[in-house]
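>
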Amino acid sequence: DGGITQSPKYLFRKEGQNVTLSCEQNLNHDAMYWYRQDPGQGLRLIYYSQIVNDFQKGDIAEGYSVSREKKESFPLTVTSAQKNPTAFYLCASAGGRREKLFFGSGTQLSVL
Amino acid sequence: GDSVTQMEGPVTLSEEAFLTINCTYTATGYPSLFWYVQYPGEGLQLLLKATKADDKGSNKGFEATYRKETTSFHLEKGSVQVSDSAVYFCALSDYGGSQGNLIFGKGTKLSVKP
Numbered sequence: 001d002g003g004i005t006q007s008p009k010y011l012f013r014k015e016g017q018n019v020t021l022s023c024e025q026n027l028n029h030d031a032m033y034w035y036r037q038d039p040g041q042g043l044r045l046i047y048y049s050q051i052v053n054d055f056q057k058g059d060i061a062e063g064y065s066v067s068r069e070k071k072e073s074f075p076l077t078v079t080s081a082q083k084n085p086t087a088f089y090l091c092a093s094a095g096g097r098r099e100k101l102f103f104g105s106g107t108q109l110s111v112l
Numbered sequence: 113g114d115s116v117t118q119m120e121g122p123v124t125l126s127e128e129a130f131l132t133i134n135c136t137y138t139a140t141g142y143p144s145l146f147w148y149v150q151y152p153g154e155g156l157q158l159l160l161k162a163t164k165a166d167d168k169g170s171n172k173g174f175e176a177t178y179r180k181e182t183t184s185f186h187l188e189k190g191s192v193q194v195s196d197s198a199v200y201f202c203a204l205s206d207y208g209g210s211q212g213n214l215i216f217g218k219g220t221k222l223s224v225k226p
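Right, here's the structure in full:
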């Protein structure tokens with residue numbers, strides 16, 4: 001089955017720790033995205049990548065980093081510089097005109 | 113810049129009631145418009161879309177019409193079910209703009225009671 005897979009489903013971060021969220025897709029999509037979802041805030045774009053080995057900051061990139069070494073993979077690292085990391089993180093991918101996004105099932109990150 | 117404004121929720125309805133979730137947009141060009149749905153604990157799924165003025169998108173009993181004169185794309189359903197309980201997001205595509213990404217509204221939570 002084609003799709004987009006995020007792991008883990010739940011993740012806990014200790015003070016001062018970096019954590020990495022995984023996102024893999026087998027849809028052969030060029031574009032991939034990371035969104036942060038907070039209650040009542042909708043979706044906010046963290047980073048996006050339109051092609052392998054290239055990525056751009058979104059609206060709230062501070063405290064986060066990404067890489068895009070393979071077309072299928074777009075991991076997100078939440079660094080210790082992100083002071084309020086507790087949120088639901090969604091990864092998405094898109095092909096063609098980038099209009100229909102396919103979303104993973106999300107990772108809930110919490111701080112211990 | 114481009115933006116999307118949705119009615120604030122939560123919206124609580126009884127089963128078989130009529131649903132309207134308002135969405136208006138601001139855009140400099142001619143965007144495509146979308147409704148996405150998020151069921152509890154899941155990612156978003158595309159519900160319907162419309163790519164030009166006067167187009168009507170429809171899926172699973174939901175409908176929305178692209179109204180350029182009122183810059184609106186309101187979501188409607190004639191008879192909601194408990195299984196429709198979810199968060200609904202209106203979005204527009206600024207493809208051809210600086211980012212070529214979707215711009216989402218804040219979401220409207222719908223709860224349907226039996």
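Respectively, the protein sequence lines represent chains A and B.
Each residue of the first sequence is one higher than the one before, counting from 1 in our numbering.
Each residue of the second sequence is one higher than the one before, counting from 113 in our numbering.
Beta carbons are placed, not taken as given, at the ideal position from N, Cα and C, and that holds for glycine.
1. Can you list, in chain order, the residues of the segment 91-111 of chain A whose Cβ is nearer than 9 Å to any Cβ on chain B?
2. Look at the alpha carbon of Ser80(A) and the alpha carbon of Tyr35(A), and state the distance between them as a whole number of angstroms.
3. Could you spell out the range, first to last residue, of the beta strand (DSSP E) harbouring Thr117(B)?
4. Run through DSSP, which three-state label would Ser195(B) get?
5. When the Cα of Leu11(A) is compared with those of Tyr33(A), Ser49(A), Ile60(A), Thr77(A), which residue comes out closest?
6. Listing by chain order, which chain A residues have their CB less than 8 Å from the CB of Phe201(B)?
7. At a CB-CB cut-off below 7 Å, which residues of chain A make contact with Leu214(B)?
8. In this structure, does DSSP put Arg97(A) in helix, strand or coil?
9. In terms of alpha-carbon separation, which member of Arg44(A), Asn84(A), Arg98(A) lies closest to Leu90(A)?
10. With Gly42(A) as the anchor, note down where its beta strand (DSSP E) starts and where it stops.
11. Can you have a look at Ser210(B) and say buried or exposed, based on whether 16 or more other CB atoms are within 10 angstroms of its CB?
12. Exposed or buried, what is Gln41(A) when buried is set at 16 or more other beta-carbons lying within 10 Å of its beta-carbon?
13. For Lys180(B), count neighbouring C-beta atoms within 10 Å of its own C-beta (all shown protein chains included) and say buried if the count is 16 or more, exposed if not.
According to the structure data:
1. Cys91, Ala92, Ala94, Arg97, Arg98, Glu99, Lys100, Leu101, Phe102, Phe103, Gly104, Ser105, Gly106, Gln108
2. 18 Å
3. 115-118
4. helix
5. Thr77(A)
6. Gly42, Leu43
7. Leu101
8. coil
9. Arg44(A)
10. 42-51
11. In this prediction, Ser210(B) scores a pLDDT of 38, lower than 50, which makes its location untrustworthy; the coordinate-derived value is nonetheless stated afterwards. Its Cβ having fewer than 16 others within 10 Å, Ser210(B) is exposed.
12. exposed
13. exposed
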